[in-house]
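In terms of the working numbering, the sequence shown opens at residue 4 and continues consecutively.
Here a beta-carbon is modelled for each residue, glycine too, at the ideal position from N, C-alpha and C.
Notes follow once the structure below has been shown.
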Amino acid sequence: ESLILSSNGYVSPQAEAALTAILSRDPQHGPALYYSGLMMAQIDRPDVTFRIWQQLLRNGPKDAPWLEPVRRQIPEIAFLAGQNDFELSETGLKGPNAEDINNAATLSEGDRMDMIQGMVSQLSDRLVTQGGSPAEWARLINALGVLGDTDQARNIFANAQEVFGADAAALSQITAAAKQIGIVE
């Protein structure tokens with residue numbers, strides 16, 4: 004890890020040898036798997052990175068320090084790996100529970116839209132006042148697009164660009180949502 008950190012995140016051949024040695028002794032070593040995935044991304048093998056990091060998300064301790072950078076980067080890695088149907092399910096994003104969905108099914112169309120608008124509005128207010136993950140910003144942009152509120156989606160996209168201006172992976176995820184609803188090309 005110190006070899007990688009001392010070279011600003013570059014996984015050198017020396018670091019690769021160390022990772023290989025660690026993984027030969029412990030194939031489930033979380034940090035070594037994370038950095039092996041990072042190395043594969045650096046040598047244009049996002050398909051391998053995706054498989055490794057997906058394994059980390061499934062099998063790793065939920066509070067492991069390497070999971071946050073994996074969660075931040077895996078949407079872009081999935082895209083680069085051709086995994087167009089990938090959805091990050093372990094982000095801690097709150098959505099409607101089964102009871103909410105059952106209740107929504109009994110509502111009139113107008114009441115259902117009001118409920119959805121309320122949920123989107125709550126998410127928007129929270130992100131603007133408290134911040135949130137790139138996945139949450141992307142989710143909000145997508146929801147606004149589905150609701151047809153493209154002007155607000157553009158405003159949220161502009162706000163997200165300010166918030167995540169220095170984080171290329173975050174911006175990629177947010178921009179993908181904006182592209183999906185057609186507010187950027």
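Exercise for review: Please confirm whether Ser39 and Leu22 have their CB atoms less than 7 Å apart.
Suggested key: yes
Exercise for review: Enumerate in chain order the residues of its own chain whose CB-to-CB distance from Glu19 is below 7 Å, with the five nearest sequence positions on each side excluded.
Suggested key: Met42
Exercise for review: Use the C-beta contact count for Gly12: other C-beta atoms within 10 angstroms, 16 or more gives buried, fewer gives exposed.
Suggested key: exposed
**Study point:** Cβ contact check for the region 161-169 and the region 54-74: 3 or more pairs under 8 Å
**Key:** Contact fails: fewer than three Cβ-Cβ distances are below 8 Å.
Review point. How many Å lie between Asn87 and Glu71 at the Cα?
Key: 21 Å
Point to revise | Own chain residues within Cβ distance below 6 Å of Asp50, not counting five before or after | key: The beta carbon of Asp50 lies closer than 6 Å to those of Ala84 in the same chain, with the five residues before and after it left out.
Review point. Which ranges would you report for the alpha helix (DSSP H) in the region 126-170 if only whole runs of at least 4 residues count?
Key: 137-149 and 153-166
Check your understanding: From Val14 to Ile80, what does the alpha carbon distance come to, in whole angstroms?
Key -> CA-to-CA, the gap between Val14 and Ile80 works out to about 17 Å.
**Study point:** Residues near Ala161 by beta carbon distance below 8 Å, same chain, minus five either side
**Key:** none
Check your understanding: Where Ser127 and Leu143 are concerned, what is the direct C-alpha to C-alpha distance, given to the nearest angstrom?
Key -> Our two residues, Ser127 and Leu143, have alpha carbons roughly 7 Å apart in a direct line.
**Study point:** Inter-residue Cα distance where the pair is Gln17 and Ile77
**Key:** 25 Å
Review point. Anyone know if the C-beta pair for Ile184 and Arg157 falls short of 7 Å?
Key: no
Practice item. Give me the Cα-Cα distance between Trp140 and Ala179, rounded to the nearest whole angstrom. Key: 11 Å
Check your understanding: Considering only the beta carbon of each residue, do Pro34 and Glu4 sit closer than 7 Å?
Key -> yes
Check your understanding: How about Ile77: is its Cβ closer than 6 Å to a heavy atom in the ligand GTP?
Key -> Ligands are entirely absent from the displayed structure, and the ligand GTP is therefore not among its contents.
Exercise for review: Look up Phe89 in the DSSP assignment and say whether it is helix, strand or coil.
Suggested key: Here DSSP, grouped into helix, strand and coil, assigns Phe89 to coil.
Review point. Can you tell which of Gly151, Asn62, Ala173 and Val123 has the C-alpha that lies nearest to the C-alpha of Pro137?
Key: Ranked by how close their Cα comes to the Cα of Pro137, the residues Gly151, Asn62, Ala173 and Val123 have Ala173 in first place.
Review point. Buried or exposed: Ala44, going by 16 or more other Cβ atoms within 10 Å of its Cβ?
Key: buried
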